[in-house]
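Report on one structure; see the data block that follows.
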């Protein structure tokens, strides 16, 4: 029985360490690390720009290089619709570029990155929230 408990502990600690090293810098976000909010012209969507937390070796290196931010898209009700990859680190300089939000003509959200623009095409839905 003790052997099984020790195996479970090792698995849990390994999973936590793996998560901490790779994903944790942008896993938790809210008012405490909010950098800026950008609203769409029609008021239907807004994107919050958050600062990565320095909680992993990857994030510390990226932050020291000036790539401190990540982007999350919300609808006007405040529901999270989309977020960029855990591995997307955006510099402050790239954030001066304009974002494009979904609208009736174009269902894509385009945001600036360090390598140009990126963003998903939502076609008809954004996480099961129908576009009007």
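Numbering (this note's numbering), first residue to last: 14 to 145.
Where is the CB? At the ideal position from N, CA and C, for every residue including glycine.
Closest Cα partner of residue i within the set the options
i	options	result
residue 68	59, 37, 113	37
residue 42	105, 118, 82	82
Whole-angstrom distance between residue j and residue i, CA atom to CA atom
i	j	result
residue 96	residue 48	15 angstroms
residue 114	residue 30	36 angstroms
residue 93	residue 84	11 angstroms
residue 74	residue 16	38 angstroms
residue 63	residue 21	35 angstroms
residue 145	residue 80	Only weak support is given to the placement of residue 145: the predicted model assigns it a pLDDT of 44, under 50, and the value that follows is read from those uncertain coordinates. Computed Cα separation, rounded: 35 angstroms.
residue 120	residue 112	13 angstroms
residue 65	residue 71	11 angstroms
Residue i, enclosing alpha helix (DSSP H) - first and last residue
i	result
residue 77	70 to 77
Endpoints, the beta strand (DSSP E) within which residue i is located
i	result
residue 64	58 to 64
residue 125	124 to 126
residue 83	80 to 88
residue 47	47 to 52
Counted within 10 angstroms of its Cβ, other Cβ atoms place residue i as buried (16 or more) or exposed
i	result
residue 125	buried
residue 122	buried
| request: Flag this pair as touching only if the region 52 to 62 and the region 83 to 92 have three or more C-beta atom pairs under 8 angstroms; answer yes or no. | output: Here the region 52 to 62 makes contact with the region 83 to 92; the two share three or more CB pairs at distances below 8 angstroms.
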